[in-house]
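Written out below as structure tokens is the structure these notes cover.
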Amino acid sequence: MSSTPFRDKSYSLSSVGIEDSVAALDSVRWRAEKYKRACSPLDPMQQVDLPIGGVATAIRTFKEKGALRSKCQMPPIQACDVESFSVIIMSHRLERMDKLATAMRRVIFPMKAVGMSEIILVWNAESDVLEEAAARGYQDIVQNRTNTTEAYAARILDWAKDSHCPLRLFFALSHHMANSLLNRWNPLIRPRNEALPFAVDDDGPFYTVNTGLMAAGFELWKRNPRAQVGIYVRSISLDDSAVVEENSGFSPYCGGQITYNNESFPQFGGTVVLPSGTIIHRNYLCFIHHPAFGELRHFVDEHRTHPDDMMVSLLIGHLSGESPRLYARRDYKERRRSSIPIVEDRGNVTGAFLPMWPMKASLGHRRLMHESPNWFLYRKSAIRSLLSYFASIPPVSKGWCSGSQYHTKGECSPEYPSMIEQIPWMNRSSPYFRCTNNTKYQ
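Using UniProt numbering, you'd call the opening residue of the sequence shown number 1 and step up by one each time.
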């Protein structure tokens, strides 16, 4: 992959943001060095694929190269004035054109009602593949064959050419990028908006979204733009006793055995936020492709599970020191809808994101997932290596009900809100309803 500029010149640059980024990198390095000193050598049977505390060496090496200066800046503490967001989608498969086009028309375009002003489709294959298919599709449409793969490709290109349509195509390979999941997190996609909700890539089903809950997620992000906001999170349990620092929420980690809990999506205590429905600040794209984190990107690209979600969650958590913030993935009415597995992680869930067509089990997951019976063993190996690299586990997630009367013993009761007013920051009578620079929803 080619080198990536830290920051597009069209984005505003804040000296405070740069100072914050220096402090954030220093805190990641200092923490890794501190916790690594307390680690004992691992048993040969428990080795990990990244050096324990390796992020400290990577950041120190970067800082020693005086010619390189980071142009990354941390997100603001709050983003109350942000009124719109850019949806990021990734695709590379012609055989899914029908589902991609249908999802965009039925799911993504309606998000305009709650703030969507831009859609970026990251095409992770040669541009000729899509353009030649569209050329054939125009002929199909003329002959009234409107449901072919090529016809759907033609529709997508037409949308992108329409100045009144918010869709923009980004051909990753034309920018000298390799075919990588990390392309969707690349600053070269140049999103116009600070808030970036991510849709799933097309190796799995696209999902419809309750626009009311999407609006709630966007409002939560405005109050916590330094945190990763999401709906699906995986938790990690250490197989030995762990100490959590009360003042920071970080837990030292030296590569020991863990349990990667793939059977549930908890509201509280989660560490890895899955991409579907996650919202991050645009500034984090710069950090994800920061020169100091090249070893992390190489690991993601080379690992058999390509765990970009794990890398992004851990990196944001360590830079910000913030817990992932979750918004409700469905409301009470949606409990009567069908239960379908989510795409990224093969766990059972019903959610705000529900498929728009019947789905065979073999299409429910990325191909790597359903082809490998050891998928979660590989995922467990990946998260052990990534946690070891940082030498700590960042603060864990807080659910949609956090701090409200619906927060009971580490759970939300009810599990899902029966009305939007139950969500604390969406309730006009709640002190968290008004987003101001001095009121932060905790």
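Yeah, the Cβ is synthetic: ideal placement off N, Cα and C, and Gly gets one too.
Spatially closest choice to residue i from the options, by CA coordinates
i    : options                   : result
G212 : K112, N144, E150 and P225 : K112
L157 : E302, G137, R29 and N147  : G137
A385 : Q228, Y406, L121 and L314 : Checking the sequence shown, residue 385 turns out to be Ser, not Ala. The shortest Cα separation from S385 among Q228, Y406, L121 and L314 belongs to L314.
P187 : F265, P166, I120 and C165 : I120
I423 : I393, R106 and Y327       : Y327
I189 : E118, A133 and I236       : E118
T148 : V229, R96 and Y416        : R96
H298 : S40, S248, S127 and D49   : D49
P197 : R31, P225 and V129        : P225
W400 : N124, L181, F265 and V107 : F265
I88  : R192, I231, H407 and A215 : R192
F171 : S163, I236, N183 and R329 : N183
E322 : A391, F250 and L285       : F250
L285 : L42, Q47, P51 and P75     : P75
E126 : L169, K161 and F85        : L169
E150 : S163, A133 and K161       : A133
G269 : I236, S86 and M116        : I236
T57  : L296, I108, Y406 and R434 : L296
K65  : V312, Q267 and P291       : P291
K71  : I288, S276, G115 and G410 : I288
H281 : F293, W375, I316 and A160 : I316
G217 : A391, Q405 and V114       : V114
V312 : L387, P252 and W375       : L387
Supposed close pair residue i, residue j - CB separation, criterion 8 Å
i    : j    : result
Y378 : T271 : 17 Å between Cβ atoms; not a contact.
S397 : P307 : Contact flag wrong, Cβ pair sits at about 18 Å.
R223 : Y260 : Their Cβ separation, rounded to whole angstroms, is 30 Å, which puts R223 and Y260 out of contact at 8 Å.
L100 : I59  : No, L100 and I59 are not in contact; Cβ-Cβ is about 38 Å, not under 8 Å.
Q73  : N262 : Actually they do not touch by this definition, with Cβ atoms about 35 Å apart.
L94  : A153 : 7 Å
Y232 : R329 : 7 Å
E219 : A79  : No, E219 and A79 are not in contact; Cβ-Cβ is about 10 Å, not under 8 Å.
V28  : H318 : 5 Å
P51  : Y389 : 7 Å
Where the beta strand (DSSP E) through residue i begins and ends
i    : result
T436 : Unbroken run through T436: none, as it is neither H nor E.
Y260 : I258 to N261
P123 : It should be noted that the sequence gives Trp, not Pro, for residue 123. From DSSP, the beta strand (DSSP E) with W123 extends over M116 to W123.
R234 : V233 to L238
H281 : I279 to H281
V87  : F85 to S91
R145 : Segment: none, R145 is in no beta strand (DSSP E) and carries neither H nor E.
DSSP beta-bridge partners of residue i
i    : result
M214 : DSSP, once it has assigned bridges, lists no residue as partnering M214.
S408 : Before going on, a small fix: residue 408 reads as Thr here, not Ser. DSSP output for T408 lists E411 as bridge partner(s).
M111 : DSSP output for M111 lists no bridge partner at all.
K398 : R325
C52  : Per the sequence shown, residue 52 should be read as Ile rather than Cys. Paired residues: none, contrary to the question.
I393 : S251
P41  : Paired residues: none, contrary to the question.
V272 : R234
A195 : F85 and H281
R168 : I120
V28  : Per DSSP, none; premise fails for V28.
V229 : I279 and R325
Host alpha helix (DSSP H) of residue i (start-end)
i    : result
V300 : G294 to E302
A178 : Premise fails: A178 is in no alpha helix (DSSP H) and is neither H nor E.
I420 : First-last for I420: undefined, no H or E at that position.
W159 : T149 to K161
M311 : D308 to S320
Nearest-angstrom Cα separation, counted from residue j out to residue i
i    : j    : result
K63  : G54  : 15 Å
M310 : I383 : 7 Å
S429 : Q139 : 57 Å
S2   : C412 : With a pLDDT of 37 at S2, under the threshold of 50, the modelled position of this residue cannot be trusted, and the question is left open.
H175 : W185 : 14 Å
V142 : R155 : 13 Å
P395 : T278 : 17 Å
L368 : Y432 : For L368, the predicted structure reports a pLDDT of 42, less than 50, and the residue's modelled location is therefore unreliable. A value from the coordinates is still provided. So the alpha carbons of these two residues sit roughly 42 Å apart.
R105 : H303 : 34 Å
P110 : C39  : 51 Å
W425 : W221 : 11 Å
A215 : A199 : 15 Å
T436 : Q257 : 43 Å
P373 : W123 : 29 Å
C254 : Q228 : 24 Å
D43  : R37  : 17 Å
D162 : D20  : 40 Å
Y416 : G403 : 15 Å
Q47  : L238 : 16 Å
T102 : H92  : 16 Å
V300 : K380 : 14 Å
S392 : G230 : 21 Å
Y406 : E421 : 12 Å
S86  : M116 : 6 Å
P414 : T61  : 49 Å
Q267 : S276 : 15 Å
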